[in-house]
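Enquirer: Protein chains in written order, with the working numbering: chain S, 5 to 404; chain F, 8 to 302; chain G, 10 to 336. Glycine included, each C-beta is placed from N, C-alpha and C at the ideal position. Below you will find the structure I want to go over with you.
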Amino acid sequence: MKTTALLLGTALAALAAGAAQAQTSVKVGVMNDRSGLYADLSGEGSVIAARMAVEDFKAAEKGIKVEIVSADHQNKPDVGSTIARQWYDQDGVDAILDVPTSSVALAVNQITKEKNKIHINSGAASSDLTGKACSPNTIHWTYDTYALAQGTGGAMVKAGGDSWFFMTADYAFGHALERDTGAIVTKNGGKVVGAVRTPFPGTDFSSFLLQAQASKAKVIGLANAGGDTINSIKQAGEFGITSAGQKLAGLLVFITDVHALGLQTAQGLVLTEAFYWDNNDGTRAWSERFAKANGGKKPSMVQAGVYSGMLHYLKAIEATKGKDPTAVMAKMKEMPTDDPLFGKGSVRADGRKMHDMYLFEVKKPSESKAPWDYYKQVAVLKADDAFKPLSESECPLVKK
Amino acid sequence: MFELLGIPPQALFGQLLLGLINGSFYAILSLGLAVIFGLLNIINFTHGAQYMMGAFVAWMCLNYLGVNYWAALVLAPVIVGFTGVIIERLFLSRIAHLDHLYGLLLTFGLALIIQGLFRNSYGSSGLPYQIPDALRGGYNLGFMFLPTYRAWVVVASLIVCLATWFMIEKTKLGAYLRAATENATLTQAFGINVPLLVTLTYGFGVALAAFAGVLAAPIYSVNPNMGADLIIVVFAVVVIGGMGSIMGAIVTGFSLGLVEGLTKVFYPEASATVIFIIMVLVLLVKPAGLFGRAA
Amino acid sequence: MADVLPADGSVTHAAADSGTASLHRNVMIGIAIALVIAPFVAYPVFVMKVLCFALFALAFNLLLGYGGLLSFGHAAYFGMASYVCAYAAKHWGFNPEFAILAGTGVAALLGLVFGSLAIRRQGIYFAMITLALAQMVFFFSLQTPRFTGGEDGIQAVPRGKLFGMINLADDRTLYWVVALIFMGGLLAFYRIIHSPFGQVCKAIRDNEPRAISLGYRANQYKLAVFVLSAMLAGLAGSTKAIVFQLASLTDVHWSMSGEVVLMTLVGGLGTIFGPIVGALVIVSMQNFLATLGAWVTVIQGVIFVLCVLLFREGILGVIAKWIKKPL
């Protein structure tokens, strides 16, 4: 009964739309953290970004009906996988966007492959998504641990910071960040003099900072995220570690974290991001619109990535005149990407989206002219240098 | 002996000092929890959220009213303590006669509500709060750099803890309080307004949490979840010290800070768990906690 | 702990009442019928989730409602079983039935060790020991990523073939298996609390010195209830690992222990079927509220508060009062 009605409905809609353009309706789920640690850098802002992509693409005029749903995965893989299953099986969702937190992303990645749908990940960091866990159904859009390590680790060593001590959040993701960065540091001629594993999440990092200080390393690498990073940077300032000449390298720091720290505390911090709102006219104009819809907060790179990924997905749907996942995915990998936020780029066979990454330094309070005026650009990493080359890939999809 | 373990004695002193500083947070928080438990027989799971409110109120004072750190140190506990009084009147007084479990669940629910509301208004990544100018900088002790602010934290919390202990154990008001803890009906019969005493005690315990929150604001991230995980640890401190024991809470708070500090040197991964290991051992050997009286 | 259990005495006396017995039989039949209809009207994975948590809540309720012991660390047995089951199925290639048995067995062993430590204390101290022991299990899980996969958990657990024949990859097929496990667990629970053993447990719960004076070794009975409860929790955890093909740190975290308390409270402490209703309510709530973002915690908090202030007997406790029969 239900199917007949649906078929009838579709037929009618097709008739109404005329011969020129068949109506395609897609449902996209934005799944991220809406209540915890990463709610500010993804959360509702990512949903706003996805909606803006639909507007800018003028989807309705092109005969594509887009519905956006959202859910909170609470940074728990079991919650995330339950939502993903229900979305795909029950609610007719065609693609899942965003998904910060690596453990949840890996779970969604797995289910998406099983159900043959599409997952465009912007929020998660794990380079495994295009490495040993890569899937023909997943694109990893914005950044990954490899690129962060390459950016921050490589640049710091070149600038003379050749001995490192890691403060690593004691969970798989922290370990991966430490491993990736350590490898880059060694490759560039630096050395890792020590590391300490801190319970996650933690509040007091002073005793670990003292251990880092005692190591006499030139750079203290913060292989942690969110509140842990904020606390360790705050306390490093307090214990005079930065003023004594040791440099802090934030391996996963977002603009929202810098906002939370304030420039007074965060100044001088070196970090890698894929997007900064004040990069060029295109990013400024878009970010202005975004901030209006998001209570004055400028977009994070994760939110910008959701916009960019959504836009590319819609383009592929237009080009294939349908939403068959295999065809759309092939189109997305074949078409070059182009949008005002990330410029021109491409999607690689392993699902890695290629674009430049930027090394930033956080401004001094005196240098900042306006709210959210936080970064000055130190270096640009070309896409091919930033991301792991295909020749080193562990992904089975890559033919060597 | 220290060298045998690969740790120079200077570094060890530094770590112990830091442990003591962390211990002072545990001490103030567990003191508040113990005071509340002693009189109300309620395990106040909202304590972590109230600690967070203290830090947030300090931030609001600074950003909305231009009130500085020192004034906030008094103002924030008063404001948050007042919300505590409202909570006690509206909710807790209704379940006073019931089992622990209900008080725990109710306060846990309240904590969820408070944290959720703050998250909706201020986001989750936190707010900046600077160390007051007078307490910037630090002393070089030879074996470590001691920030002035941390030294102040230890001093402030010691003063507050000892003042509280004195008030409860040595003053007349404290005597009423202890009497009400022992036998509320009888104390009431002597003409003491026990419900009022209960309300004020809860307000006071909450104010202690808020005080710790203000102390924490310049050095820890001010965010809605800052107290969520802490509460379990502080609760463990109270149990180890002996439920309801004032001195127990203070001494245990400081000493567990020390133990945690040592763990951070020798086995950092376990530093969040060591308190629970101690709790099991203590409960198996001394069922009522280190300073508690056997029931 | 006495007033935790509103309708306690009545359960014991009413068991002999034939009216109550037939009411319970009818409720059981009702549940069985609902289980048969459910996959056709609701999303099977959702129903399976409810069933796993209902089983978990039953296990918790066995200990609290019939042993008088409030555990704050039941996540340890649930989560550990889920890890063992997932590991056995994924890395040792166990059939699902053996993987589930392995998980349940390990949970029972863990229950035996932890139980023998914890039952030496009472009330809030008992609760604290169980919490502390569960925190150690959490720590162990965090520190052994080789076994547990750290915060990624053990993902992509194969559902496998039941008895080497029936492929469980299809949600509907798996559903019937889970429904059978649940029904088995429920019947076992019902049987336990109405057996002579269950009666002695209730006697110890209500008045321990008296039970001891009658010659019962209270501690042995308490330990037995503890182990049974851990085992049932383990069964729930193992089944969950197969259903979601995932075992993660969430399962051993203390908030999971809190969740099961909440389910039991909402459904009705000390009622037989309450935990099932509680699990249904809480799981559906989490499901429907997931889209509301940060408001979820606020709404959850409000429900906690309302439950404690207005519905202390829980949903089934209120209904039981109306019909004047224990449920």
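With 9 Å as the C-beta to C-beta threshold (strictly closer), list the residues of the region 152 to 164 of chain G near chain S in chain order.
Expert: If the cut-off is 9 Å between Cβ atoms, the region 152 to 164 of chain G has Gln152, Pro154, Gly158, Gly159, Glu160, Asp161, Gly162, Gln164 near chain S.
Enquirer: For the candidate residues S/Pro329, S/Ala353, S/Phe243, S/Asp377, whose alpha-carbon lies nearest to that of F/Met151?
Expert: The option with the nearest alpha carbon to F/Met151 is S/Phe243.
Enquirer: Buried or exposed for F/Ala170, please, with buried defined as at least 16 other CB atoms from any protein chain shown within 10 angstroms of its CB.
Expert: Label assigned to F/Ala170: exposed.
Enquirer: Does the beta-carbon distance from G/Ile201 to G/Val275 come in below 8 Å?
Expert: Not a contact, by the Cβ cut-off of 8 Å.
Enquirer: Along chain S, in chain order, which residues have C-beta atoms closer than 9 Å to that of G/Lys58?
Expert: Thr86, listed in chain order.
Enquirer: Taking DSSP as the reference, what is the three-state secondary structure of F/Ile120?
Expert: Correct three-state label for F/Ile120: helix.
Enquirer: What are the uninterrupted segments assigned as beta strand (DSSP E) that are 3 or more residues long and contained completely in the region 143 to 230 of chain S, given in chain order?
Expert: Segments of the beta strand (DSSP E) lying fully in the region 143 to 230 of chain S: 167 to 173, 195 to 202, 223 to 227.
Enquirer: Could you check whether G/Pro48 and G/Tyr184 sit closer than 8 Å to each other, using their CB atoms as the reference points?
Expert: For G/Tyr184 and G/Pro48, yes; Cβs fall inside 8 Å.
Enquirer: By Cβ distance below 6 Å, which residues in the same chain neighbour G/Ala11 in space, the five residues on each side in sequence not counted?
Expert: Residue placement at G/Ala11 is poorly supported in this model, since its pLDDT is 38, which falls under 50; the coordinates are not used for a value here.
Enquirer: Is it buried or exposed for F/Leu117, if we count other Cβ within 10 angstroms and need 16 for buried?
Expert: With 16 or more other Cβ atoms within 10 Å, it is buried.
Enquirer: Can you tell me which of F/Ile284, F/Leu297, F/Leu112, F/Pro202 puts its alpha carbon nearest to the alpha carbon of G/Phe147?
Expert: Nearest C-alpha to G/Phe147: F/Ile284.
Enquirer: Could you check where the alpha helix (DSSP H) with G/Leu244 kicks off and where it finishes?
Expert: That run of the alpha helix (DSSP H) goes 227 to 253.
Enquirer: Counting only the same chain and skipping the five closest in sequence on each side, list residues whose C-beta sits under 7 Å from that of S/Leu12.
Expert: Any reading at S/Leu12 must be qualified, since the residue scores a pLDDT of 49, below 50, and its modelled position is unreliable; the value itself is stated next. Cβ neighbours of S/Leu12 beyond the five flanking positions: none.
Enquirer: Quick one: is G/Arg214 buried, meaning 16 or more other Cβ sit within 10 Å of its Cβ, or exposed?
Expert: Under this definition G/Arg214 is a buried residue.
Enquirer: Considering G/Pro105, what are the terminal residues of the alpha helix (DSSP H) in which it resides?
Expert: Taken as a continuous stretch (DSSP letters only), the alpha helix (DSSP H) holding G/Pro105 covers 105 to 127.
Enquirer: F/Leu222 and F/Val161: beta carbons closer than 8 Å?
Expert: Taking 8 Å as the Cβ cut-off, F/Leu222 and F/Val161 do not qualify as a contacting pair.
Enquirer: Using 8 Å as the Cβ pair cut-off and three pairs as the minimum, do the region 60 to 69 of chain G and the region 219 to 228 of chain G touch?
Expert: Verdict: no, contact absent.
Enquirer: Who are G/Phe62's beta bridge partners in DSSP?
Expert: For G/Phe62, which the question treats as bridged, DSSP gives no partner whatsoever.
Enquirer: Measuring straight from C-alpha to C-alpha, what distance separates S/Thr172 and G/Met174?
Expert: Their Cα atoms are separated by approximately 46 Å.
Enquirer: Ordered along the chain, which non-local residues of its own chain (more than five positions away) have a Cβ less than 7 Å from that of S/Ser397?
Expert: The answer, listed in chain order, is Gly135, Asp354.
Enquirer: Give the single residue among G/Asn104, G/Leu71, G/Thr113, G/Leu72 whose Cα lies nearest to the Cα of G/Gly246.
Expert: Looking at the Cα atoms, G/Thr113 is the closest of the given residues.
Enquirer: Count the other CB atoms, across all protein chains shown, that sit within 10 Å of the CB of G/Pro284; report buried if there are 16 or more and exposed otherwise.
Expert: Classification of G/Pro284: buried, given that the 10 Å Cβ count is 16 or more.
Enquirer: Quick one: which residues of the region 162 to 177 of chain S get their C-beta closer than 7 Å to a C-beta of chain F? List them in chain order.
Expert: Against chain F - using a Cβ distance shorter than 7 Å - the residues of the region 162 to 177 of chain S are Asp174.
Enquirer: By Cβ distance, which residues of its chain are closer than 6 Å to S/Gly186, with the 5 residues on each side in sequence left out?
Expert: Counting only Cβ-Cβ distances below 6 Å, and skipping sequence neighbours, we find Val196.
Enquirer: Tell me the DSSP bridge mates of S/Asn141?
Expert: None, per the DSSP bridge assignment.
Enquirer: Check this for me: beta carbons of S/Thr276 and S/Gly84, under 8 Å apart or not?
Expert: Cβ distance not < 8 Å, so S/Thr276 and S/Gly84 don't count as in contact.
Enquirer: Taking Cβ positions, are G/Phe55 and S/Gln90 nearer each other than 8 Å?
Expert: The answer is yes: Cβ separation under 8 Å.
Enquirer: How long is the line joining the alpha carbons of F/Gly26 and F/Glu267, rounded to whole angstroms?
Expert: Each residue's Cα considered, the two are about 6 Å apart.
Enquirer: Over what stretch of residues does the beta strand (DSSP E) that includes S/Ile100 continue unbroken?
Expert: Here the beta strand (DSSP E) through S/Ile100 covers 99 to 102.
Enquirer: Excluding sequence positions up to five away, which residues of its chain have a Cβ less than 6 Å from the Cβ of S/Val70?
Expert: Val30, Val58, Ala63, listed in sequence order.
Enquirer: Which bits of chain F does S/Pro203 rub up against, with CB to CB less than 7 Å?
Expert: Simply Glu276, Ser278, Ala279.
Enquirer: Establish whether the CB of S/Val110 and some CB of chain G are separated by less than 8 Å.
Expert: Before going on, a small fix: residue 110 of chain S reads as Leu here, not Val. S/Leu110 counts as touching chain G.
Enquirer: Using the three-state DSSP reduction, which class does G/Arg130 fall into: helix, strand or coil?
Expert: In the structure shown, G/Arg130 sits in coil (DSSP, three-state: anything other than H, G, I, E or B).
Enquirer: On the three-state DSSP scale, how would you describe S/Leu363?
Expert: In the structure shown, S/Leu363 sits in a strand (DSSP, three-state: E or B).
Enquirer: Quick check: the Cα distance between F/Ser132 and F/Asn230, rounded to an integer number of angstroms?
Expert: Roughly 6 Å between the two C-alpha positions.
Enquirer: State yes or no: is the beta carbon of F/Ala217 nearer than 8 Å to at least one beta carbon in chain S?
Expert: So, not an interface residue.
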